[in-house]
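Here the structure is laid out as structure tokens; the discussion comes afterwards.
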Amino acid sequence: MRLRNKPWAVKLVNDHPESVLQNPDPSKKIDWRQRFAKPDQPISIEIGSGKGRFITTLAKEHPERNFVAIELQTTAAGIILRTKLTEQLDNLQILRGDALNINYFFAPHSIDHLYLNFSDPWPKARHEKRRLTYRAFLERYQAVLKSAGELEFKTDNAGLFAYSLQSFNNYGMIFDFVSVDLHHEAEEILNKNIETEYEHKFAERGNPIYAVHAHFVEE
Ligand SMILES: C[S@@+](CC[C@H](N)C(=O)[O-])C[C@H]1O[C@@H](n2cnc3c(N)ncnc32)[C@H](O)[C@@H]1O
Numbered sequence: 005m006r007l008r009n010k011p012w013a014v015k016l017v018n019d020h021p022e023s024v025l026q027n028p029d030p031s032k033k034i035d036w037r038q039r040f041a042k043p044d045q046p047i048s049i050e051i052g053s054g055k056g057r058f059i060t061t062l063a064k065e066h067p068e069r070n071f072v073a074i075e076l077q078t079t080a081a082g083i084i085l086r087t088k089l090t091e092q093l094d095n096l097q098i099l100r101g102d103a104l105n106i107n108y109f110f111a112p113h114s115i116d117h118l119y120l121n122f123s124d125p126w127p128k129a130r131h132e133k134r135r136l137t138y139r140a141f142l143e144r145y146q147a148v149l150k151s152a153g154e155l156e157f158k159t160d161n162a163g164l165f166a167y168s169l170q171s172f173n174n175y176g177m178i179f180d181f182v183s184v185d186l187h188h189e190a191e192e193i194l195n196k197n198i199e200t201e202y203e204h205k206f207a208e209r210g211n212p213i214y215a216v217h218a219h220f221v222e223e
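Okay, so the sequence shown: first residue is 5 according to my numbering, each after it adds one.
Encoded structure:
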């Protein structure tokens with residue numbers, strides 16, 4: 005998904021370096037403790053947050069946790085930032101950069117939860133390496149997640165879902181929850197679900213939403 009460039013969003017991002025890290029230098033360690041009002045709280049991350057509906061809702065509902073939204077696009081980062089500032093979410097940071105460098109952005113085994121929501125499907129076989137559930141990404145996720153850390157993935161795309169289950173399985177991950185129709189699960193599951201922008205749009209059209217929670221086996 006490519007958002008139309010919004011000059012106000014670019015300016016907002018540039019004006020708030022305390023909230024948005026832009027393309028950090030992979031050779032330099034990021035001191036996340038300094039960036040959060042409550043540095044001792046566990047950190048969860050979302051990769052490809054888009055306009056940020058999911059991560060800002062989660063941050064609002066869980067002031068006892070810290071969150072980092074990772075997003076390639078400056079306009080998307082600006083939209084997330086606008087919500088962060090309006091809602092005064094001092095437990096949310098934004099990192100504008102590529103998830104491929106995630107193992108440089110975070111210390112080994114420092115992350116509690118990693119969320120992937122409606123990632124770009126890259127359906128052509130020759131683009132497999134760009135899928136955020138490709139093996140090379142899993143290696144990096146494993147490096148940053150705590151040993152009991154959970155990877156949670158949702159999509160409306162049956163092809164990407166099948167591919168991702170296979171990729172997780174080939175990597176030796178353990179599945180904790182799988183749904184091929186998340187929006188028709190039991191109430192206790194629905195109550196915990198936080199919709200993303202894409203999820204809302206696709207579910208309204210009647211598309212099933214697929215979900216999987218899995219964790220890595222200790223190295
Ligand atoms: C299809 S959108 C989904 C947005 C949102 N998660 C949702 O569910 O509504 C995918 C988002 O992932 C971002 N993205 C794709 N590849 C990325 C990468 N390697 N690192 C960071 N963000 C990425 C894109 O810029 C886009 O905003």
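Heads up, the beta-carbon is just placed ideally off N, CA and C, and yes, glycines get one too.
query: Are any of the Cβ atoms in chain C nearer than 9 Å to that of A147?
result: Checking the listed chains, one finds no chain C in this structure; it contains a single protein chain.
Inside the segment 122 to 161 only - beta strand (DSSP E) runs reaching at least 3 residues: 149 to 159
query: Does the separation of the CB atoms of F220 and L120 fall below 9 Å?
result: no
- request: Taking all protein chains shown into account, decide if I177 is buried (16 or more other Cβ within 10 angstroms of its Cβ) or exposed.
  value: Ile is not the amino acid found at residue 177; the sequence shown has Met there. Buried is the call here.
- prompt: What separation, rounded to the nearest whole angstrom, lies between the Cα atoms of N173 and A215?
  reply: 15 Å
- prompt: Taking 8 Å as the cut-off, does the CB of L136 come closer than this to any heavy atom belonging to ligand 1?
  reply: yes
task: From the DSSP output, read off the bridge partner residues of L118.
output: I49 and L155
message: Within 10 Å of its beta-carbon, does A166 have 16 or more other beta-carbons around it, so buried, or fewer, so exposed?
response: exposed
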